[in-house]
Every structure is written in structure tokens, then in C-alpha cells.
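In the numbering used here, the protein residues as written are 11 to 110. Please read the structure below before turning to the comments.
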């Protein structure tokens, strides 16, 4: 997991990519910071099926990938992440850096 402003990373090994294992791990990693955790953003993978449990345990809001990438951002001139990304892909002049 990466905090969006500082890019600080929290990393843990998950033996199996199940919703139970992922939610347990996310909760244990984030619980010490729960007073500061306001939102969580993930993709729509099956491993995040227990997103409501994670949000409840941390008293945070949970967003899926579509809402995050299609929300206009002030820092992007009120364009969306999706608009900027597609424009980069179409220009073929700018590299696109992806991080998992």
C-alpha cells in the first residue's frame, strides 16, 4: 500500500490472495495509523471483496478504481486521471510509468 501524498509504503507478505487474507493484512498494517486513515483506494479485484470490513475496522471510506480515476482533480486542471493517462498513451511521446 502507498500513501498518496508522501508515497510512503506499507508492505506485507500475503500467503494466499484471498479476501480474508488481504483484509486481515490490510487491517493489521493500517490499524496503528487508523486515526490518520480517511480513505482507501483499490481496484475491483476479488481480493478486496471484504472492503466494507476493512473500512469499518479502520473507520474509513473505501473507493474502487473507477471512481478514483474518473474524479476531476484540481492538481490536473480539473481533468481526471483517466483523461491524462489516455492522452499520454495516445501521444506515444511520453512514457507511462505503472506501479503495482
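Glycine is no exception: its CB is placed at the ideal position from the N, C-alpha and C atoms.
| request: Measure the beta-carbon distance from residue 49 to residue 29 and round it to whole angstroms, keeping in mind my assumption that it falls under 8 Å. | output: The count along the chain shown starts at 1 and reaches residue 49 at position 39. The count along the chain shown starts at 1 and reaches residue 29 at position 19. Rounded, the Cβ-Cβ distance is 20 Å, inconsistent with contact.
| From residue 52 to residue 44, what does the alpha carbon distance come to, in whole angstroms? | Counting from one through the chain shown, the residue named residue 52 turns up at place 42. Counting from one through the chain shown, the residue named residue 44 turns up at place 34. Looking at the two C-alpha atoms, the distance is approximately 17 Å.
| message | If you reduce the DSSP assignment to three classes, tell me which class residue 84 lands in. | response | Mapped onto the chain shown, residue 84 falls at position 74. DSSP places residue 84 in helix when its eight states are reduced to three.
| field | N-terminal and C-terminal residue of the beta strand (DSSP E) that residue 50 is part of | value | The count along the chain shown starts at 1 and reaches residue 50 at position 40. It spans 49–51 - the beta strand (DSSP E) in which residue 50 sits, taken as one unbroken run.
| message | Could you check whether residue 21 and residue 64 sit closer than 7 Å to each other, using their CB atoms as the reference points? | response | On the chain shown, residue 64 is found 54 positions in, with the first residue counted as 1. On the chain shown, residue 21 is found 11 positions in, with the first residue counted as 1. Cβ distance not < 7 Å, so residue 64 and residue 21 don't count as in contact.
| said: What does the alpha-carbon distance come out to for the pair residue 47 and residue 73? | reply: Here residue 47 refers to the residue found at position 37 of the chain shown. Here residue 73 refers to the residue found at position 63 of the chain shown. Rounded to the nearest angstrom, the two C-alpha atoms are 13 Å apart.
| task | Output the distance between the C-alpha atoms of residue 31 and residue 24, rounded to the nearest integer angstrom. | result | Position 21 of the chain shown, counted from the start, is the residue given in the question as residue 31. Position 14 of the chain shown, counted from the start, is the residue given in the question as residue 24. Distance between the alpha carbons of residue 31 and residue 24: 7 Å.
| message | By the three-class DSSP mapping on this structure, what secondary structure does residue 27 have? | response | Translated into positions along the chain shown, residue 27 becomes position 17. In the structure shown, residue 27 sits in coil (DSSP, three-state: anything other than H, G, I, E or B).
| query | According to the neighbour-count rule (16 or more other Cβ atoms, all chains shown, within 10 Å of its Cβ), is residue 13 buried or exposed? | reply | As a position in the chain shown, residue 13 is number 3, starting the count at 1. So residue 13 ends up on the exposed side.
| task | Give the range of the alpha helix (DSSP H) segment to which residue 95 is assigned. | result | Residue 95 sits at position 85 when you count from the first residue of the chain shown. From DSSP, the alpha helix (DSSP H) with residue 95 extends over 91–101.
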